[in-house]
Every structure is written in structure tokens, then in C-alpha cells.
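Report on one structure; see the data block that follows.
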Amino acid sequence: MSNSKVVYEGWMVRYGRRKIGRSFIHMRYFVLESRLLAYYKKKPQDNVVPLKTLLIDGNCRVEDRGLKTHHGHMVYVLSVYNKKEKYNRMTMAAFNIQEALIWKEKIESVIDQHQDSQAANGNKYQSFEYKSGMDNGRTASSSDHESQFSAAEDEEDSNPNLMRRATIGIGPPESVFDWTKEIDSDLANQNSNNQAFSRKYWRLLQCQNGLRIFEELLEVDFLPKSCSRAMKAVGVVEASCEEIFELVMSMDATRFEWDCSFQYGSLVEEVDGHTAVLYHRLQLDWFSAFVWPRDLCYVRYWRRNDDGSYVVLFRSREHENCGPQPGFVRAHIESGGYNISPLKPRNGKPRTQVQHLMQLDLKGWGVNYASSFQQHCLLQMLNSVAGLREYFSQSDERTAAPRIPVMVNMTSVSRSGKKSQKLQSSSIHLHSSSLDQMNAANKNAILMDEYSDEDEDLQYAEQETLPSLNEVEDKRIEEPRIDMTIFSGNLRCDDDNKARDCWTLSDGNNFRVRSKRFCYDKSKIPAGKHLMDLVAVDWFKDTKRMDHVARRRGCAAQVASEKGLFSIVFNLQVPASMHYSMVFYFVSKQLEQGSLLQRFVDGDDEFRNSRLKLIPSVPKGSWIVRQSVGSTPCLLGKAVDCNYIRGPNYLEVDVDIGSSTVANGVLGLVIGVITTLVVDMAFLVQANAIDELPERLIGAVRVSHIELSSAIVPKLESDPSDSVEK
């Protein structure tokens, strides 16, 4: 690193497109200095040469590219460039808007400092040339030579009235009316189109669910009679504008938690970072047995204003990849969207005013025969503002910035199916086999590339040549099983249902996990076959807590390592009058690269804590124990303290059950009657994204009528810190 002062640094995403047109994202460590922006493959030490640098001076600009999709993952993209050399760019992105905005402000503050010094000196800014061993004789990557259509010209040249920090992309499509702008009456009178002028005349229709519901007063004669007057809901939500904006933009499972009118949504076309065409199915409860369901195809445009507010605008349009769907009536949005504006905080909590406007023609016979149908459905949609308010009011801690939501790409899926045919009859099945192929092809895209010095090195195979997820699973199932006779533990294995003080494999179908459609309907399915084999169980006791038991010579993890196998070891630490540990050894021949399990094994502790899940069950035991333990899945890292030890061929998870007061209380109840219990436990990594579904169990075990007296004191070797990372 250079000796300049570091202004800001941290992990961001390198985003770009290859010469063959495919996008890529890599995790890179960015460092912003007082005159330089650079990124590295890892957090830099002394004298490490960056992969790429960009000189920051008064001629630089930060261009907001908005939201970009990469195989279902959405990122917020920034492009930094010098207006004198517009094709020398550095493109960076983040998975949450807050982090992207921090970087944008930091870079702009450095630019402003150079511009101030330029003005103080009274002459034109002179930049110096930065020499880098990595950059000499090498051109910028293909992702830095952006398409001429993806970036507007410098704002000082193309639009002198535009403030540099405005975030509008190329602006809204001509067909989309911006109802959030205040129109002067004189200007409105000169405009022959009364649509804009009419927006200034509203009356309070009712107050409902803590919202003020307004209705437009003036009628317009250029719209069909079936089209409703514009209505808007206004409410206050105790959350930041960024948090609300990310929820409003979502089309995944989170939307079910605040929008009762949402059934399904997908991306039809990404026009640019601020404009997209969406397909949206409505969940309306007005005489559903007689009235056909409604769907929408509309263009969505968004921007972020200088005051920190967000504007999201809707307008229906036709699209070749989103034709009429059998069983649905295509409704029409004349105008709509959200206006999300910051308010002054109260009691230290952020407050935001949310306006949601809709002017809708639901089409069909129901509108003509029952006028109340249109208003009822509009009110149901507008009540999503109350849903937003309740969503945030019922969550005390939101310290982690949420990721921008995942969205199914309707266009890609339909094209990868039958290119010559129209969209399939039911788009609710869009994420079937075609999406399986797309996900399998790109499951490695989000991972950090540790072996490539150039961002262009990693290439993707064509989708048609890659097997589907089901084919991959079938091949894995057909592989020869691991020789179980080479492993041993002090707790015996016994398949007899009446056996005591033993363990046996638990059928994966005893546990229900998230299905491939969980993001849309929260459905769950039997877990099925485990990803790893349970080869041994140890039952230990000692006067002190037993950590890192996988270092014990001769244990199943050590034996597996010698055979070239990989192990995941779960060490459940049970505090009582003595310290007990029940240790489960799960073994596999290898981890599938790019899989969710491999990302969990090689991820950081924060990622592991947010994903490691336990599903408990007590099929045999007293009623009070069964009620106390329950069968609800639990994120272990959120409930109790977990320590992860990554060895050369294993990962050990030490689960300190005594670290939680609630868990300790339940444990005290269980320990007293442990000899009468049969307990099932399933371990898995929680799937949050579409390409991670369906969930698969790491493994599951049943322990029956355990005796405390059968535990033994283990002989643990010294911790080989030179070969094990903590």
C-alpha cells in the first residue's frame, strides 16, 4: 500500500461484464486514499501491489448505476471515472444500499476536497500520473470499458442543471408519469394534459389502519370509465429510507410479510439500473370463487434524491416475454408507486413518511357489475404501507444491513426453455428445470475468486452443457458409500427401536425443510437423503468444558482426514454438575465446490452463525419436555455461542448450550429425565436465496435413553495451532 492517508476501506463487489456478454461479481478489498482508489484480492499488507488503481482528482465523478442483477443476485453498482478519460473506470457494487451510499459519499468527499483546493489555487487542476507495476502496459478490464448505452455523458456537459449527486439513471420512460413532483399552477394551466395538474387536488377519504387514505378529486375524460380515480395512502414507518426501499423493491419471500396483495413476482427485463419490467400476480380476496385473479406487467423506475428520499414509479406496459396468462385477467396500472421521504428522528429512532399511490383498472366483468370491487382491491393494495409499519415495529434489532432482494428472471428462464414458444401457461412454475440449469451454471458466481489475478479469467460454461441440480444429486446418490467400519465412537450404534444408551440414523423424511418454492409460498417438504454420513458419536464428560475435540488422536475426524475424507463435527457442550459433550461426526468424500455447504464451511463466523440451523424433535418423552423442546427450527448461532475450528480436512462446531439462559433452563429440565427420552436432531445450512433451495440436511441423528454414567473422560492432544485456524 502507498503511504497516503486511508480515507475508507472494506470489502465490496467487483461487478462487470465480460467480452462475451456475461456479467460477473467477485469480492474484492477496496481502499480509498486521499488521491487514489484501489482494490486488492485480500486485505492488503505492506508493499502489496493492488490489482487495479484509479487516480482521484477534481475531475473524477461517481456515477450511480442503480440495481443490477447477476443470476438472481441484485447489487447496487457505482462507477468511478475521470471525466477527462471516461473509459478508464472502476466499477464497484454492494449487496446493500447503505454500504454503497457510504462509499459514494466518501469518494465524493475526496473529490470535493480536490475541487476546493483547485478553486483556492485559482488555476486548473493538474493531476499527476500514478505508476503501478500491475497497471504498466496493461489496459483496463472489459468491465471498466462499459457499454456506451449504460452510462450517460458527464453531467456538466449533458445537463448543467443536474446536481452531481442526483441518482436518476437515464431518467424515467416517457410513458411513466412522476406524480411525486410538485407542479406549479401556472405551468399546469399551460399544460393541455390535466393529468399532472389533477394530482394537486386530493380529499381525505378515510383513516384506516393508522393510514390517511386520499382520493383524487378531479376526474379525467381520457381514461376508460373502468379506471379508478387515483388513491394514495400516507403513513409513517419507524425505519430508514434505505430499509423501506429495499423491502419495496423485493419480489421474494419477505414481501409476504408486509404486502397482503402480493402472490408472485418476477423480472421480465432489466432495462438499466433504475428501470425494469416486472410481472406481478395479485392476491385479492374479493369473491375469489367467482372473480378471476389479476396479474400485472409494468415498468418500474426508481431514483434516489439528494435529500435521501426514494421515488418508485409504476406504469403498465406490454412485453413480448410477458403475454396474457391463462386463468388471469391482465389489470392495468395507469399510475402508481411509492414516495419514501425521511423525517426527523424521534427518541433516537429513524422515521420515514411513505406515500403509496395507485390508479388502477382491474378490467374484467367484476369492475362493471360491482363498483365496490375496484375500491376494495385498491384499499387492500394501499394497506401495504401499514404492513411496512408493522413489519418494522415488531423487530427491535436490525443491526445487519439487509441484502438487496433476490428476483427470478422471467425472461432468462423462458428463453432457456423453448425459445420458439411463448411463455409457458403458468409462470408460477418458471423456476423449474430451466432455472435449475441456470442456478447450477452460476452457483460459483458469488464466491471470492482466490486463484485468478485477473477479473476476466473465470469463464462460465454454456447453460445447455451443465447438468441440472437433480442430475447432480442423482450422481451423488449413486456414489459408493463410505466404509463405516473404519470409524468408532464410545457411544454405540443400535437400530433397535427399544435399544437404550445408543444412537441411530434418523430418517431425513422426519424433518421438513424449505422447498424450492419457499420464496413464493413458504412451502416445506420432507428433507430426504442427507448430504453427509454420520459415522460415529462420542459421549464425553470432564470437570471443564471440552473444546476442539476433533484434535483427539484416533477420533473419527482424524481417521477421515487420513483417508482423504472431509468431516463436519458438531460438539454439543452440555453444562451440568459435570461438563458433558455429545460429539457427532459427519463425513463426506468431498464438498461440492460452490455449494451452500462449501460456502458455510469456508465462510466467516458471521455467515456461519446466520445460517447454521438445528431442527429438534422429541418423539418419545414426557409432555412437558416435548413442549419445551418443540420442533421449531433454530438458528444455533443466533441462540447460543458457537465456536468454529477449521482444520485441514474438517470443520468443528462447538455449541455452548449453557451460553443461553433459555436453552440452559430447557437443558436443566432435559438432563433430569434424559434416560427416558428419545431425541431427534437434524443439522443443516439455512437456504435464503432461490439458487440455494431446496434445503438439504447435513445429517440427522436419533439418540435414545442416554445414560450420564456412560460418558467417558477424553484424552485430548495439545491444540496444533500451526495447522488449525480459529
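Just so we're on the same page, our numbering is the position in the sequence shown counted from 1, plus 352. C-beta: ideal position from N, C-alpha, C; glycine also.
Under the three-state DSSP convention, the category Phe566 falls into = strand
Through-space distance from Gly617 to Gly679, alpha-carbon basis | 16 Å
So what's Lys774 in DSSP terms, helix, strand or just coil?
-> Bear in mind that a pLDDT of 38 at Lys774, under 50, signals an unreliable position, so the number given afterwards is only what the model happens to contain. Coil at Lys774, not helix or strand.
Indicate the three-state DSSP secondary structure (helix, strand or coil) for Phe959 in the structure shown.
-> helix
Do Leu589 and Val664 have their C-beta atoms closer together than 8 Å?
-> The sequence shown places Val at residue 589, rather than the Leu named in the question. It is not a contact, given that the beta carbons lie outside the stated cut-off.
Neighbour-count burial assignment, Gly689, 16 or more Cβ in a 10 Å radius | buried
Range of the contiguous beta strand (DSSP E) that encloses Tyr631 = Thr627 to Leu634
Beta-carbon separation (whole angstroms), Leu384 vs Val462, contact threshold 8 Å | 7 Å
Residue range of the beta strand (DSSP E) that includes Asp848 | Premise fails: Asp848 is in no beta strand (DSSP E) and is neither H nor E.
Reduced DSSP category for Val1030 - H, G, I as helix; E, B as strand; rest coil = strand
Give the straight-line distance between the Cα atoms of Gly660 and Phe936, rounded to the nearest whole angstrom.
-> 51 Å
Check each candidate in Asn399, Thr532, Gly362 and Pro676 and name the one with the smallest Cα separation from Ile454.
-> Gly362
Considering only the beta carbon of each residue, do Val1055 and Val1018 sit closer than 8 Å?
-> no
Is it the case that the Cβ atoms of Leu1060 and Ile1026 are separated by a distance below 8 Å?
-> yes
Could you pull the start and end residues of the alpha helix (DSSP H) that Glu742 belongs to?
-> Ser736 to Ser745
Exposed or buried, Cys649, counting other C-beta atoms within 10 Å across all chains shown (16 or more means buried)?
-> buried
Determine the contact status of Ala1063 and Tyr932, defining contact as a CB-CB distance below 8 Å.
-> yes
In its own chain, which residues sit with a C-beta less than 8 Å from the C-beta of Ile1009, not counting the 5 before and 5 after it?
-> Leu924, Gln925, Val926, Pro927, Val992, Ala1015, Asn1016 and Leu1019
Return helix, strand or coil for Asn691, following the three-state DSSP convention.
-> strand
Glu1059 - DSSP class collapsed to helix/strand/coil = coil
Does the beta-carbon of Ala452 have 16 or more other beta-carbons within 10 angstroms, so that it is buried, or is it exposed?
-> buried
Thinking C-beta only, is Gln1038 closer than 8 Å to Leu988?
-> no
By how many angstroms is the C-alpha of Phe566 removed from the C-alpha of Leu556?
-> 4 Å
Can you check whether the CB of His671 is closer than 8 Å to the CB of Asp713?
-> no
Span of the beta strand (DSSP E) holding Gly989?
-> First-last for Gly989: Leu988 to Ala991, but that is the alpha helix (DSSP H), not the beta strand (DSSP E).
Using alpha carbons as the reference points, say which of Cys729, Glu415, Ser875 and Ala879 lies closest to Asn861.
-> Ala879
Element boundaries [alpha helix (DSSP H), containing Tyr872] | Phe870 to Asp873
Buried or exposed by the 16-neighbour rule on C-beta atoms within 10 Å, applied to Leu695 = exposed
To the nearest angstrom, report how far apart Phe892 and Asp835 are at their CA atoms.
-> 25 Å
Nearest to Leu1045 (by Cα), restricted to the options Ala605, Ala909, His626 and Gly1024 | Ala605
Through-space distance from His900 to Val939, alpha-carbon basis = 17 Å
Cβ-Cβ distance between Arg607 and Leu630 below 8 Å | no
In chain order, what residues of the same chain have a beta carbon less than 7 Å from the beta carbon of Val359, not counting five sequence neighbours either side?
-> Leu384, Glu385, Ser386, Lys458 and Val462
Distance CB(Lys965)-CB(Leu1036) smaller than 8 Å = yes
Any contact of the region 941 to 949 with the region 965 to 980, i.e. 3+ C-beta pairs under 8 Å?
-> no
Taking only the alpha-carbon atoms, compute the straight-line gap between Tyr553 and Arg869 and give it to the nearest angstrom.
-> 44 Å
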